[in-house]
Structure formats: C-alpha cells, structure tokens
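In this note's numbering, the protein residues as written are -17 to 805.
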C-alpha cells in the first residue's frame, strides 16, 4: 500500500553515540508531508555502552547536573524494570553496570554531573561489592534498594518514589491565600483532588509498565501470577492507593489479580495488547492521547499540553516458545528515565517491523508536532527496515464491522476491526451483546459508539479498544433506538451526542409500543463518566452537529404535527453543553438545515415555508453570528447546505433556481452556479463530496441511477471554484456505491470507500486530488469474510453490493471506516 513520506533532511545530534540518518529524497507528491522529523539513533557497542550514551543525554537534558544515579545489573530483567521506574520517579539517569563495574567513561560522566549518591537496584545481588568498588572510590555514596523477590524489590523502590497528591489547582482570591496557591488551614495544604496511583505489571514482562511508570513518576509494583503478594497488598493499603494502571500483556496479569485489586476499592485501568510489543504501543497511545483525562489525573509529572516533541523506539522481545526465557529489553529500560523527563512515550518494536499500533502512534505524532524519533540501540537491535518505517509510517487503517461471535453458537455478536495489513481483531467476544449496529468511531479512534441488545433491551454503548471497557449509556430497563445521524463526537473526543427514541411500554401481546413523538438527546462525557439529557419527555428534538473545536451543540425542536419523520425544526438553539446555556436563533419559516463555519464564529441555516419538503422547493440561506445575532440573509435560492469551505469564504449549496451545485458567499450574499441540473431522462447528475483543503476546488462525483440498483458513481471530478472547470480524477471502480472520506493530513490525497455493484468488494482507495494524479488501492478486505457465513444476495436486490460504507474519515490518526453488511 502507499506510505506517506515524512522524512526530511536531518541534523546530526550533538552527543557522542548519537547519529541521525536520512532516508532519501522526498518526492514532489509527498513533500507537503515532510515536517522536519529527525530520526536519531542513540547506541553503543553493547547494552552497557548504550546505557551510558542515554544517561549522557539525560544529564544534558537537565542542565548538566544531577544529584543521584540509579544503577542496575545488566542481567536481571526485573531489577532493570524496577530501576527504570525508580529513576524516572526521582528524575535520575539509569546506568546498567557491567560485571566488573563502571568504566572510566561512566565515572567521568558521574563526576562531571557531580553525582553524590548511587541507588543500586538488584534483588538477586548480581552486582557484587566488587562491581561497585569503582563507584565508591569515585566518592559516590552507594545505597542498596533491597528485596527478597521482584515484588519485594518493587515495593522498596515504590517507597522511595512515594504516592503523592498531584499539585492543587485551586485559584486564590483577594481575601484568601496567595494567588495560584492551594487553600490552607493553619498552614496545612488541602489539595483540591486526591489521587494515589500505582502501575501494576506481571513480573515476567514488565517493560511496557516500567516505561509508563517512569513517565508518570508512579511506583511500579511487580505482581506474581495468580495473586497479589502480601507486601504489595500492604503497600496499597498503607498508602491509600485509589487507582492502578495494569500495564503489559493481559495474560501476565490474571483476572484473579484484577479481582483482588478491585475488591480493595481500587479503580483499575487495564492496558494490554497482543504481546509485550503491542502492549507498549497501547500504553504509549493511552498516555499521549488521554481523551478521558484518567492519565492526567494520576500522573505526578507536570507535562505540557499537546503532543511530545519526540517519540522513543527500542527493541522488544522476539516471539518465543513456551520453553524459551524472556529476553530483557535493556535499551528500553535505559531509555525510560530520559523519555520520562521529556514527557515522551516509548514504543517497542520487533527487530524487523513496527507493529500496527506502534506505526499508528508514530503516524499521528509526526503529523501533529513531534519533531524527532529517538531510536535506542544499534542496527543489530533495531534494523534498517524499522528505521525507515519510523521515518515513513504507513497510513493506519481501521475498518470496524459487526460480525457474528465466532466463540458463541447463539445470536451473539462481536466487533471485528481490520487494519492496513489485513489482520483482523475481534472485540467483545462472549459479551452477550446482540444486534450490534450503528458503529461509529471517535475522532481519535480510541472508542466506538454503537447500539446493541443486552439483557433483553436495546441501548447505546461506548467501547474503549485499548482497555476493553464497555459503558452502557442508556438505562437497562428501557429500549432506546437511534434516530437520524444518531452519533456525533466533539472534536476532542471527550463528548458524544446521540439522538435516540425511547420506548418502554408493552401492550397485552408483549409487543413494545414506540413513542412516536419522543425523540431525545443524550450527551456522554467520557472524562466525568456521566450522561446528561438535553431533551427528554414528549418532545421531538435532535442535535445537528458540534461546533468545531468546542462543546456547543445545535439542537432542533421539531413540530408535533403528526407521527412520522420530518426534515426540519420550528425552534433552533445553540446549547453550550459545559454550562447548559442556551441561545435561540430567531428565524422566519421552518429550518431544514444548519452548519457551523470552520472557525465556529457563525452558523448557516436554511429555511423553507413548508414543513413537508417537496422536490423543487426553494429555501433561504441565513447566516447568524454564534451569539444568535443575524449576519446575512440570501435570496430564496437553495434547497440544502452542503458544506462550508475550509477557509470560510463560502458555502457549497444545492441550488434550486438553476439546479446543481453552487457556492454562496456569506459576506456578499451572492450565489455562483458551478454545475448544471440533473438530466431527468437518465437520472444523471453531479453529486457534491467535499472541499479541497485550500478551498479552491470541490471534489464531486458523476452519478447514475438504475432501476433495481439505485444510485451509483461512475467518475470522480474536480471542480475549479473560480472558473467552474470540471476535470476527471482517477477512479478505480466502474459502478460503485461510494463513501467520501476527506483529505489526509498532508492535503494532497483523499480517501473513498467503494462497494462495487455486482461484486463482493470492500475497498478503500487513496486518490491524488490534483487532476492527472494517481489512485491506489489501500485495502480490499472482503476476502477476510467467509461467504458461507452469510446468506446469498436476494434476487430482488439485483446487483447491489453486500457491503455499504456508513463512516469514513481520514485524519492525523489515519483512516477510520465502518462497513455495514446489507443482508
């Protein structure tokens, strides 16, 4: 598949042992994607030399002086993990000590940094006194962190890190304490929140958890299989721990351990993955893209808001059989304190390839401000192929589809997620859910909203992929069904708005009677974990979209004339969901559409004199300021608002005076016709798809209609907004249903999903949006589904495809799509 090139010319790092490498020229087609990303390798001839190079970078990052250093054996995986977490917790560098002690280069580094104390973490005492002699002779005080087992050692180190309250954020007043300081009572600080958190991990594969603990400055506690050791249980109770992040492959932390944790009243967040390498990517994604705010509420480290300036990459373990021992991830441990100091995540990789999760983290980071990738270890540990992929991540693809539960013989369902490598993962196995539908990705691709039946009632759910957390938003004892475009996520992924119908009455035959007039709006807050209802009772209300970058929602109140569906509203309000402040838009006639401007400063409405829309009806475009004051009114010229241009210059509308696509200028009230009306005899026409990022062109499709097959696309078009000129774009299908996915972050290509008539296809295509460009098949996933698992196409459906695309979006997170099986 196509990969977007992100590498640019790089500047060699200044420290010894660090090299920066370029991966060739950036072609004209992908030059816009180049963001000055450095790929810097920090390495030495062995694990000890690499540790020294990384420690030198740490000392330089903190200004050249540190009081303490953490020492660990280069032969004990558990000791190195605890040492890495401890070093991150106290902001100190980590050195792996050779059997014969630290060499002259390491001692020179410690002397130049004026280190006074060395904490030795080594439960198996592989570091004999002889190995520490050179450190003592250098005048550095040596103290051992002791424990008779990995668990005991982690408790001893955890006592040094401590479980503290995060800094209070209360604001002072003129009559109270000093501005910006917490409230006090007789000199005693009273924090506004109290969160005491730890990181738990199995003692066999602790690398991912150690890196997270170092970044968050939290104690790392190593559990044994089957139960929590007594000393860990005592630690949790002594420090009144309230939150635990369980990090690493889920198989290494058993359900019995989790039950013990939760039985103690501790809230557990489980971050697992497919093996240690996958778990590390899940941890990195969780800690850098904290939509729910859980990580921010637990961490003890003050990190700036936004993406980290660098991402780390180190070798994880290779696949191993049951008889093989676990290879330690030495370079990852050495990197953990440095990356913790930089508030940066660490991804683990196999020697030859990034996992899909690690690739997705890098793709997003390099498109949102990360300027460097630090590779820890030499080319024998992280080979050139991984180095190249770090500079040029593949475009992540996540296609969600509701499928039967392969582990259940009943009518249960699961969610299958297909990635860019055509691997399929099943989620919600044995969940007891049925009739899963209306799948919808959150903007960050961390959550899926959907509807399903559970325990006999229909409801709305949110599922978090990284943790496996399932949250039912609607009550268990009532049926709730989606309406219209049911789900809408705020841009930050923190809020979900849903249009639902409530139904709870049952007649004498046991059949549920639906409330035709009752249409409700709920808003789920993922951070606060609560649901707010913006409209309830015998009211027909629905949301029609969030403000860009904000938490304001446009709400339509529909007329209560009769049962059935309407396309408009008699009352329009802007609701600030955070404050619940409502502002009504004073408009004439009946509102049939609304859309925010890209800067959220204005709202365009279209009104009509009739509640019942008929073909050929004309509408008036109104533009309001966000505070509700009127800004501009156009003549009666449009039937629908299609989309506001990205630069805010104009609005694409479907014009009813001359037919076809037109642009309306909010500043002038002028209308510019771009396409001719459809030809009635063959139902052919041009359909609007979206704007180019520079607002100079409109992407459109040539459509046809056939009896029995409905509407389908035959060509892609680019319309020059200034001249009205139409140009063909590459099209990889002949007759297909199409879902437009928008442009990628580089702005040079867009995505569409195609389901071709007469074929069992499930394709994603990437298209260069300049006329004369190319198109690439990014995915064709239909072959993953056993045709025998589904019934044959009914004869009365003609050539209609078995799949449809209900969602497709290409953002800095990659391509997220939802495919729907039609029968």
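Glycine is no exception: its CB is placed at the ideal position from the N, C-alpha and C atoms.
Can you give me the start and stop residues for the alpha helix (DSSP H) that residue i sits inside?
i           : result
residue 792 : Not the alpha helix (DSSP H): residue 792 falls in the beta strand (DSSP E), residues 785 to 793.
residue 338 : 338 to 348
residue 105 : No alpha helix (DSSP H) contains residue 105, which DSSP labels as neither H nor E.
residue 369 : 366 to 373
residue 313 : 312 to 323
residue 39  : 29 to 43
residue 276 : 276 to 280
Given a cut-off of 8 angstroms on the beta-carbon distance, is the pair residue i and residue j in contact?
i           : j           : result
residue 273 : residue 253 : no
residue 601 : residue 588 : yes
residue 709 : residue 695 : no
residue 333 : residue 296 : no
residue 200 : residue 181 : yes
residue 792 : residue 724 : yes
residue 290 : residue 324 : yes
residue 621 : residue 582 : no
residue 524 : residue 481 : yes
residue 335 : residue 367 : yes
residue 745 : residue 735 : yes
residue 381 : residue 400 : yes
residue 189 : residue 319 : no
residue 434 : residue 444 : no
residue 455 : residue 513 : yes
residue 330 : residue 298 : yes
residue 76  : residue 117 : no
residue 386 : residue 345 : no
To which residues does DSSP link residue i through a beta bridge?
i           : result
residue 433 : 419, 442
residue 633 : 626, 646
residue 607 : 584
residue 684 : 668, 697
residue 577 : 586
residue 691 : In the DSSP output, where bridge partners are listed per residue, residue 691 has none listed.
residue 459 : DSSP lists no partner for residue 459.
residue 565 : 556
residue 732 : 725, 749
residue 206 : 209
residue 452 : 445
residue 483 : 463, 501
residue 715 : Its beta-bridge partners do not exist; DSSP assigns none.
Assign residue i to one of three DSSP states: helix, strand, or coil.
i           : result
residue 251 : strand
residue 233 : Residue placement at residue 233 is poorly supported in this model, since its pLDDT is 48, which falls under 50; the coordinates still yield a value, given next. Helix.
residue 21  : strand
residue 759 : strand
residue 157 : Since pLDDT at residue 157 reaches only 34, below the 50 mark, its modelled position is unreliable, and the value read off the structure follows with that caveat. DSSP places residue 157 in coil when its eight states are reduced to three.
residue 87  : helix
residue 212 : helix
residue 71  : helix
residue 242 : helix
residue 142 : helix
residue 774 : coil
residue 59  : helix
residue 148 : Reliability fails at residue 148, whose pLDDT of 45 lies under 50, so the model's placement of it is uncertain and no value is given.
residue 94  : helix
residue 194 : helix
residue 169 : Any answer about residue 169 is weak, because its pLDDT of 34 lies below 50 and its placement is not dependable; what the coordinates show is given next. Residue 169 falls in the coil class under three-state DSSP.
residue 270 : helix
residue 48  : coil
residue 386 : strand
residue 189 : helix
residue 744 : coil
residue 641 : coil
residue 137 : helix
Within the 8 angstroms Cβ cut-off, does residue i reach chain D?
i           : result
residue 388 : No chain D appears in this structure, which consists of one protein chain only.
Could you give the first and the last residue of the continuous beta strand (DSSP E) run that contains residue i?
i           : result
residue 111 : Run containing residue 111: none in the beta strand (DSSP E); it sits in the alpha helix (DSSP H), 111 to 119.
residue 401 : 395 to 401
residue 523 : 523 to 528
residue 181 : 179 to 184
residue 507 : 501 to 507
residue 408 : 406 to 409
residue 427 : Element bounds for residue 427: n/a, residue is neither H nor E.
residue 655 : 653 to 655
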